[in-house]
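Each remark here refers to the structure printed beneath this line.
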Amino acid sequence: MSVVEKEWKPRIVAFCCNWCSYAGADLAGTNRLSYPADVKIIRVPCSCRVNPMFILRAFQRGADGVIMCGCHPGDCHYTSGNYFARRRMTLLFSMLNYLGIESGRTRVEWVSAAEGAKFAATMNEFVKTITELGECKKLEDVRCKTTE
235 MSVVEKEWKP RIVAFCCNWC SYAGADLAGT NRLSYPADVK IIRVPCSCRV NPMFILRAFQ
295 RGADGVIMCG CHPGDCHYTS GNYFARRRMT LLFSMLNYLG IESGRTRVEW VSAAEGAKFA
355 ATMNEFVKTI TELGECKKLE DVRCKTTE
């Protein structure tokens with residue numbers, strides 16, 4: 235019996251705000267712009283609704299990288315939600331650094347609904363960065379490991 239090694243592909247979780255970034259992802263799809271299928275999008279009403287625990291849980295459940303996308307500062311549909319998100323993510327990044335998670339594994343991007351090309355380019359660049367960093371095992375919980 236020979237064991238066939240599967241090529242490792244990064245698991246990416248993208249939290250996208252409903253009004254801008256998710257619409258940007260939709261526009262990227264409509265325009266047939268490609269980005270890796272390894273990016274799993276979670277739609278949230280606003281970037282400020284992304285609790286830092288969501289990101290920690292994503293790493294715990296086996297994510298290799300987490301990106302949060304929201305409206306451009308000043309253009310939030312909930313007035314100032316992305317300002318709160320930006321402040322919260324800055325604090326989270328310093329905590330992740332303390333825990334030993336490389337700074338390149340998390341990212342915040344502002345993508346509007348009209349920027350489908352930017353969304354696709356951002357995701358391609360982020361997947362490339364995570365692929366170079368390799369698998370993240372720092373916060374991984376073996377109980378959450380899925381067998382594929």
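Under the working numbering, the residues of the sequence shown are numbered 235 to 382, in order. Virtual Cβ for every residue (Gly too), placed ideally from N, Cα, C.
Would you check if the distance between the CB atom of C305 and the CB atom of C250 is smaller than 8 Å?
no
Based on Cα-Cα distance, which residue from F327, P307, A259 and S346 lies nearest to G299?
F327
Pairing CB atoms from the region 350 to 370 with CB atoms from the region 259 to 273, are three or more of them under 8 Å?
yes
Unbroken beta strand (DSSP E) runs of length 3 or more, entirely within the region 283 to 344: which are they?
299 to 304 and 340 to 344
Ignore the nearest five residues each way along the sequence and tell me which others in K352's own chain have a CB closer than 6 Å to its CB.
V345
With distance defined between alpha-carbon atoms, name the residue in M323, E369 and A348 nearest to I387.
Summary: the structure shown does not reach residue 387, with the chain confined to residues 235 through 382, and so no result is reported for it.
Taking the DSSP output, what are the residues bridged to F249?
As a beta-bridge residue in DSSP terms, F249 pairs with I276 and M302.
In or out: M235 buried (at least 16 other Cβ within 10 Å) or exposed?
Low local confidence applies: a pLDDT of 47 at M235 is under 50, so the model's placement there is unreliable, and no value is given.
Rank E349, A297, M302 and W242 by C-alpha distance to the C-alpha of P279 and give the top, closest one.
Nearest C-alpha to P279: M302.
If you follow the alpha helix (DSSP H) that S255 is in, where does it begin and where does it stop?
S255 to T264
Tell whether a beta-carbon distance below 8 Å holds between R341 and C370.
no
Nearest to R245 (by Cα), restricted to the options D260, N265 and T365:
T365
With C-beta atoms as the reference, is F221 less than 8 Å away from L367?
Residue 221 is absent from the structure shown; the chain starts at 235 and stops at 382.
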